[in-house]
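Trainee:
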Amino acid sequence: MDFDAPKPEIKIVHGKNIMFQKVVDEVLHGIEEEGVPFSIEELEDANPVELAFRGAELSHLGVGIGITENEVVLHFIKLKEDQPIFRIPAYSNEATLRAIGSNAARLVKKMPFKNLDNTELS
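Heads up: the sequence shown at position 45 corresponds to 49 in this note's numbering, and the numbers run straight through without jumps.
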């Protein structure tokens with residue numbers, strides 16, 4: 005049995021010297037509410053779209069979230085690097101931050117996304 009096999013999880017990638025832990029926490033709560041595993045990684049500061057795409061590359065599920073002090077980005081490995089699914093300001097309210105986390109999990113579960121005002125999209 006290979007205990008080093010990649011885990012199926014959403015990868016959250018944020019810049020170094022994180023000063024925006026509340027943003028990260030709210031996104032994680034959204035993922036947790038949907039019951040999908042995740043892991044967090046810190047990389048050199050970069051464009052949030054690049055961080056999200058890197059997270060998607062690192063994720064066995066192909067889903068990544070990039071977080072900087074200015075923006076939160078959700079990306080999927082099958083999309084072009086410069087075309088993420090969602091981009092929201094990091095100063096968004098708690099419900100919106102949770103919704104982007106929830107949408108990352110719903111992408112994995114193949115469920116309809118929540119609107120970023122926390123309502124169901126049809």
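Note that the Cβ used here is the ideal one computed from N, Cα and C, for glycine as well.
To which residues of the same chain is L125 closer than 8 Å at the C-beta, ignoring the five residues directly before and after it?
Mentor: Confidence at L125 is low in this model, with a pLDDT of 48, below 50, so the placement of that residue should be treated as unreliable; the coordinate-derived value is given next. Once the five neighbours on either side are set aside, the close Cβ partners of L125 are P116, F117, K118, N119.
Trainee: Once DSSP output is grouped into helix, strand and coil, what is the label at E73?
Mentor: If DSSP states are grouped into helix, strand and coil, E73 belongs with coil.
Trainee: Could I get the ranges of all uninterrupted beta strand (DSSP E) runs contained in the region 5–66, with 3 residues as the minimum, in chain order?
Mentor: Listed in chain order, the complete beta strand (DSSP E) runs (minimum 3 residues) inside the region 5–66 are 14–19, 42–47.
Trainee: Determine the direct distance from the alpha carbon of N74 to that of V67, and round the result to whole angstroms.
Mentor: Their Cα atoms are separated by approximately 20 Å.
Trainee: Take the Cβ of G59 as the centre, count every other Cβ of all protein chains shown within 10 Å, and call the residue buried at 16 or more, exposed below.
Mentor: That one is buried.
Trainee: Are any of the Cβ atoms in chain D nearer than 8 Å to that of H18?
Mentor: Annotation note: the requested chain D is absent from the structure, which comprises a single protein chain.
Trainee: Take every Cβ of the region 90–108, pair it with every Cβ of the region 22–30, and state whether three or more of those distances are shorter than 8 Å.
Mentor: Enough Cβ pairs lie closer than 8 Å, so yes.
Trainee: Measure the beta-carbon distance from I35 to A109 and round it to whole angstroms, keeping in mind my assumption that it falls under 8 Å.
Mentor: Sure, about 5 Å apart at Cβ, within 8 Å.
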